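Chemist:
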Amino acid sequence: MAALMLNRPNYTRAEREAQRILDDMRVVTPPVNPVEVAKNLGVEVVFATFSGKSRGISGFYDCEENAIFVNEEEFPLRQTFTVAHELGHSVLHGDWARSADYQVMWRDPTRQNQDFREKEANAFAASLLMPRDMMDEYWDRLSLQQMSRLFAVSVPAMKNRLSFLYGV
238 MAALMLNRPN
248 YTRAEREAQR
258 ILDDMRVVTP
268 PVNPVEVAKN
278 LGVEVVFATF
288 SGKSRGISGF
298 YDCEENAIFV
308 NEEEFPLRQT
318 FTVAHELGHS
328 VLHGDWARSA
338 DYQVMWRDPT
348 RQNQDFREKE
358 ANAFAASLLM
368 PRDMMDEYWD
378 RLSLQQMSRL
388 FAVSVPAMKN
398 RLSFLYGV
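Using my numbering, the first residue of the sequence shown is number 238, and each one after it goes up by one.
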C-alpha cells in the first residue's frame, strides 16, 4: 500500500513549486514566459530540429547540460507548454531525470508515458502558465478563447485548467 502512495502524483507540490517560482520572480500578470522562467532558474532552452524517430518528440530535459531541448517544428503554444513541462521535471524530478528511467515527451498522446512524474510535470506546467491567482481574476468574465489568448496557451490547455480549478 505504501508503494502505491509513492507512485501517485503530488499535484499540491507541483502547484506550490510553480507558484513559489512565480512569486520569487514577481510575475503577477499573464502571460507567463516559461523560457524566461527557465533562464532565471539557470536552465537553458534550446529549440532544435529532431530527425528520424525523434521527430515525434516534443521536448526533453537534459540534466547533464541543464537544458531543455524543444522541437522547433511544434506549434508555438505546444512549445510553450513543453518548456513549462520539462522545467517541471527540472524542478520536481532532478534525480529521476538523471536516471535511466527518464523518458522524453512524445507528441502522440498514445505514446506518452503515464508515469506519475509526467502527470506532476503537466500539473506544474499548467500551474506555471495559468496560476490560480491570475485565473481567479479572469475566468468568470472572459471566454475560453479570450483566456487562451491572454495566457498564451492552447484552448485545450485552458479548458483543462478551467475544469480542474473551477469544474467548468
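C-beta atoms are modelled at their ideal positions from N, C-alpha and C, and glycine is treated no differently. Since the structure is predicted, the reported quantities are computational estimates derived from the model, not experimental observations.
#1: Given this structure, state the Cα-to-Cα distance separating tyrosine 298 from methionine 372, to the nearest angstrom.
#2: Measuring only the C-alpha atoms, how far is glutamate 374 from threonine 317?
#3: Going by the beta-carbon positions, is the gap between valine 392 and leucine 381 smaller than 8 Å?
#4: What does alanine 304 pair with, by DSSP beta-bridge criteria?
#5: Does the separation of the CB atoms of methionine 367 and phenylalanine 388 fall below 8 Å?
#6: Which value, in whole angstroms, describes the spacing of the CA atoms of glutamate 310 and valine 283?
#7: So, for alanine 360: in the same chain, excluding its five sequence neighbours on each side, which residues have a beta-carbon less than 7 Å away from its beta-carbon?
#8: In this structure, what does DSSP give as the bridge partners for isoleucine 258?
#9: Give every residue of the same chain whose Cβ lies closer than 6 Å to the Cβ of asparagine 244, excluding the five residues on either side of it in the sequence, and list them in chain order.
#10: Taking the alpha-carbon positions, what's the glutamate 273 to leucine 365 distance?
#11: What does the alpha-carbon distance come out to for the pair arginine 263 and alanine 363?
Modeler: Quick answer:
#1: Each residue's Cα considered, the two are about 28 Å apart.
#2: If I take the Cα positions, the gap works out to 22 Å.
#3: Leucine 381 is positioned such that its CB atom lies closer than 8 Å to that of valine 392.
#4: DSSP, once it has assigned bridges, lists Glu281, Asp299 as partnering alanine 304.
#5: Yes, the pair counts as a contact, with Cβ atoms nearer than the cut-off.
#6: Roughly 13 Å between the two C-alpha positions.
#7: Pro246, Tyr248, Ala251, Glu252, listed in sequence order.
#8: According to DSSP, which records beta bridges pairwise, isoleucine 258 is partnered with nothing at all.
#9: Phe353.
#10: Straight-line Cα distance between these residues: approximately 12 Å.
#11: So the two alpha carbons sit approximately 18 Å from each other.
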